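Here the sequence shown stands for residues -24 to -1, 1 to 434, where the numbers follow mature numbering (1 follows the signal peptide of the UniProt record, and there is no 0). Take a look at the structure set out below.
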Amino acid sequence: MVSRLKLTACATALCMMLSTLAFAQQSVPEPGTDLVELYTWLHANPELSFKESTSASIMAAELEALGFTVTTGLGDEWTRAKSQRDEGTVRDGVGGYGVVGVYENGEGPTILIRADMDALPVPEQTGLDYASEVVSTTWTGVESPVMHACGHDIHMTSWVGTARELIDTKDDWSGTLVMLAQPAEELGLGAKALLEEGLYQDFPLPDYNLALHVSAGTPAGTVAYSSGYALANVDSVDILVKGVGGHGAYPHTTKDPIVIGSSIVMALQTLVSRNVDPQTPAVVTVGSFTAGAKHNIISDGAELLLTVRSYDDATRQLLLDGITRIAKAQAEAFGAPEPEISIDNDYTPSTYNTPALTEKAMTAIRAAIGKDNVKEVTPVMGGEDFSQYGRTEEDVPGLIFWLGAINPDTYAAAQNGGDPLPSLHSPFFAPDAPPTIKTGVSSMTAAALALFNETASE
C-alpha cells in the first residue's frame, strides 16, 4: 500500500509553496477564495491526467481548512506501476493525486461526493480573458497545449462550494461526508487507481456516491438526469490486419491489407444493424485506419482502431465477440493471415444511476432550484469512470447528473437556428461560470442533505 500523507498545517503550507513555484505567474488560491475567482484560476491553470499536483493541493487545503481529515496521494503506487509497465518510465510530475476528505458528523449514512480534476490536451480558442496558455506533456510524453475543455474546473469549484455549504449547515444533518477529488477521469483510469489502492477498505464505505458533470447542450441554471443507464461502456479495440505486400502494379501477387481492412470496416456495420436488437443502443466506430506509405506499394499490414459503445454487459460481449469473429473471417476469405485483435483491458464500464437514489436526489434538487429547471433526458453513449465506484462487490448506489453550463441566451439562439453550440472537448467550449457554479452547489448540497436526513424523516 502506498504511503499516504495525513495533511498537517505544515504539509499544506509545503504543498502550497510548491504549487506557487509551479505557477509563479499567478498566486495559488487560498482556502475560502470566492468560488468564481477559484474557477477562473483553475481554468487558466489546467493540469493533464495523472499530473494534477497543484489542483489536488488546492482541493486538499480547502478541505483541511473546513475541518476534514484529509489524505493525499491515493492512487500513486498504482499509477506509477502502470506508467512503468505501459511506458517503460515514470515521467516528471506523473503520479497519483487522489484526495480524500472525511468529515464525521454523528450517526447517519455515509455519502461520497466526487469531482474529477484533469484537463485535456486541447489548445484553447475561447477568447476568454482567463483562457489557458498552458503547454504541458502528457503522462505518455506528448507535448500539447492544455485546456479544461470538459468542465472539470466547474466540477472542482462546485465540489468546493458544496463542501463549504455542508459544513456551514452541519447542524442540519448527521452522518459522514466523504469528499473525493479524483485524477485521470479523461483516461478512464483515475477511479480504478483509487479503488485498487483501498478507497473502500481504508476509508468509510459510502452508502451513496454522488457526482455531477457539466452539459454543453443545456442552459445554465438547470439540471438534467437519466434514471438507470446514463452513460455507456467504452471499449477500445485494435485490429492489426496482416497481408502480403508487393508492387501496386502486380496486386495479384499480394494479399492487400487495405482491401481486407476495408471489408472488415464494412462488415462491422452489420454488427449493430443485424446482430443487436434494434431497441438496444450500440455503437461500433472505426476511428482510425492506417496503412501504406507510397502510391505504388501495397503494404503488408494495416491498423484499425475502434471505439465500441454499449450499456448492458451482454450487448458489450456480443459486440466484442462479433468484432473478433468478423475480422478473422474476412481475413480468411482473402486467404490472408489471421489478424491480431487487441481489446483494452482498461475499459470504462457503463454508468448506472440507481433509480431510487435518483428520484430522492431529484426531488430535493427540484425543491432547491425549481421543478421547471430539472428534466429527465435520454442517456448518452459517452463514458465516465464514475461508473467504477458502483461496479465493486460492495455495490454502492450511485448518481451522476448533468449540470447546465450554457448561457441561456446563447442556448436559445442555437435552438432557433443560430450558431451551433460547441461540444465538450471542443477548444471553443466556455461555460457560463457564475450561474453554473451556483446551480452546481445548490443542487449537490440539496441532494446530499436529503440523503443525510432520509433516515431521520423515515
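We treat Cβ as the ideally placed atom computed from N, Cα and C, and that holds for glycine. Note that the structure is predicted; figures quoted are calculated from it, not measured.
Rounded straight-line distance, which links the Cα of residue j to that of residue i
i, j, result
"N21", "D105", "13 Å"
"M35", "A157", "7 Å"
"V372", "E360", "16 Å"
"N272", "K231", "14 Å"
"A340", "I317", "48 Å"
"P7", "V111", "26 Å"
"G346", "M155", "26 Å"
"V417", "A332", "22 Å"
"G394", "V12", "28 Å"
"G49", "G69", "13 Å"
"A337", "H189", "15 Å"
"L175", "D385", "42 Å"
"P315", "P227", "20 Å"
"P313", "G117", "34 Å"
"G71", "G222", "46 Å"
"F362", "G268", "39 Å"
"Y287", "T229", "44 Å"
"R90", "W135", "8 Å"
"residue 435", "S239", "Look at the range of the chain in this structure, -24 to 434, and you will see that residue 435 is not part of it."
"L244", "A307", "13 Å"
"W54", "S25", "14 Å"
"E83", "A423", "18 Å"
Span of the alpha helix (DSSP H) around residue i
i, result
"M338", "331 to 345"
"S134", "128 to 144"
"Y15", "11 to 20"
"V241", "233 to 246"
Residues bridged to residue i [DSSP beta-bridge criterion]
i, result
"L188", "F377"
"G151", "N81"
"A258", "S286"
"M357", "In DSSP, M357 forms no bridge with anything."
"T45", "V78"
"L50", "G74"
"V210", "R285, T324"
"Q158", "D92"
"K351", "A200"
"L295", "BP columns for L295 are empty, so no partner."
"I274", "G222"
"V217", "A278"
"Y205", "Y328"
"I382", "P195"
Residue i at chain C interface by Cβ criterion, 7 Å
i, result
"D288", "You won't find chain C in this structure, because it holds only one protein chain."
DSSP-derived helix/strand/coil call for residue i
i, result
"H223", "strand"
"T194", "strand"
"L280", "strand"
"F362", "helix"
"G174", "coil"
"E100", "coil"
"L24", "coil"
"T368", "coil"
"T266", "strand"
"E38", "helix"
"Y387", "helix"
"E308", "helix"
"A(-16)", "Bear in mind that a pLDDT of 35 at A(-16), under 50, signals an unreliable position, so the number given afterwards is only what the model happens to contain. Looking at A(-16) - three-state DSSP - the assignment turns out to be helix."
"N392", "coil"
"A406", "coil"
"R67", "coil"
"T300", "helix"
Cβ-heavy atom distance, residue i to the ligand SAH, below 6 Å
i, result
"T30", "Judged by which ligands are present, the structure shown has none, so any question about the ligand SAH falls away."
N- and C-terminal bounds of the beta strand (DSSP E) containing residue i
i, result
"R90", "86 to 92"
"S112", "111 to 113"
"L165", "Premise fails: L165 is in no beta strand (DSSP E) and is neither H nor E."
"P410", "Looking at the DSSP string, P410 is not in any beta strand (DSSP E); the run it does join, the alpha helix (DSSP H), is 409 to 428."
"P121", "119 to 121"
"E316", "316 to 319"
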